[in-house]
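Take a look at the structure below.
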Ligand SMILES: [Zn+2]
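What follows is the structure, given as structure tokens:
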């Protein structure tokens, strides 16, 4: 990982002296949750991973292309499932709350002259599309892109077992970025129960799963084959894609081709 301290891209660490007088086109907003992650990962795992991947990518973008994308501090309020929200200190944020938070962040950035934001989502329960449509209606000159950090690169080429929550992928990434926060000795096996009805297992329809009914340790996915090496390889693949995304959206060009330029505002 590049040293973000020298790059002025990580707003968690930057001071005003690093940023004053700079030219900025792109902000990145890591968005996670505050929730149990099996028995061995911190509540803030989704925030930490989205933030670490974003900072890693922004630092590389600055080093390699001298393009600055500033990574905002992560939003810790995620949408939770039944069962999970009954666990101590798990925080559930409603649509209206998340919409208000995102709206205030966009209004602040827009006031400062920025017009592009990437929401880098690290929590599977979050869904931003409708609120981004609302904000596009309200602010047609402000582009918001949403990316799920866990969905950019398929897991199957990097991990032995599929991770849904606190399994091999997240644990390996945490071992890579924040090894001091991983206590693998305490990890449960992350075994999960399927629904009793096939229509939900084959995804004919979706319901929010009751975490108490599907997992004993809150994990869904086995973390026991995790390693920092697997995490490093996967992080590199994700960051490659994020560097390209950040560069694409930081560029002054529009995101559309020549056709119908009269409606192309971005
Ligand atoms: Zn997670």
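Residue numbers (full-length UniProt numbering): 1 to 266.
All C-beta atoms, glycine included, are put in the ideal place defined by N, C-alpha and C.
All values reported here derive from a predicted model rather than from experimental measurement.
Which of the three DSSP states, helix, strand or coil, is assigned to residue i?
i: residue 45; result: helix
i: residue 121; result: strand
i: residue 86; result: helix
i: residue 176; result: helix
i: residue 200; result: helix
i: residue 91; result: strand
i: residue 171; result: helix
i: residue 53; result: helix
i: residue 157; result: helix
i: residue 259; result: coil
i: residue 35; result: coil
i: residue 186; result: helix
i: residue 58; result: helix
i: residue 114; result: coil
i: residue 63; result: helix
Leaving out the 5 sequence neighbours to the left and right, which residues in its chain are closer than 6 Å to residue i when beta-carbon positions are compared?
i: residue 195; result: 201
i: residue 64; result: none
i: residue 184; result: 40
i: residue 121; result: 31, 148
i: residue 33; result: 46, 78, 123
i: residue 51; result: 30, 74
i: residue 171; result: 223, 226
i: residue 49; result: 122, 173
Leaving out the 5 sequence neighbours to the left and right, which residues in its chain are closer than 8 Å to residue i when beta-carbon positions are compared?
i: residue 135; result: 102, 103, 106, 142, 144
i: residue 193; result: 213, 214, 215
i: residue 250; result: 25, 26, 61, 67, 68, 69, 116
i: residue 252; result: 25
Would you kindly report the start and end of the unbroken alpha helix (DSSP H) that includes residue i?
i: residue 77; result: First-last for residue 77: undefined, no H or E at that position.
i: residue 147; result: First-last for residue 147: 143–148, but that is the beta strand (DSSP E), not the alpha helix (DSSP H).
i: residue 103; result: 95–111
i: residue 133; result: 129–138
i: residue 16; result: 16–19
Based on DSSP bridge pairs, tell me the residues matched to residue i.
i: residue 30; result: 120
i: residue 192; result: 215
i: residue 10; result: 71
i: residue 165; result: 220
i: residue 40; result: None, per the DSSP bridge assignment.
Starting from the C-beta of residue i, find all residues in its chain whose C-beta is less than 7 Å away, skip the five residues before and the five after it, and write them out in chain order.
i: residue 129; result: 146
i: residue 208; result: 81, 82
i: residue 180; result: none
i: residue 247; result: 61, 65, 67
i: residue 221; result: 161, 162, 163, 164, 165, 166, 167, 168, 190
i: residue 109; result: 27, 117
i: residue 125; result: 33, 78, 79, 80, 81
Over what stretch of residues does the beta strand (DSSP E) that includes residue i continue unbroken?
i: residue 70; result: 69–71
Measuring only from the beta carbon, is residue i closer than 7 Å to any heavy atom that is part of ligand 2?
i: residue 34; result: This structure lacks ligand 2; the ligands present are ligand 1.
- Query: What residue ranges within the segment 204–249 form continuous beta strand (DSSP E) runs of no fewer than 3 residues, ordered along the chain?
  - Reply: Assignment of beta strand (DSSP E) within the segment 204–249, counting only whole runs of 3 or more residues, yields no such run.
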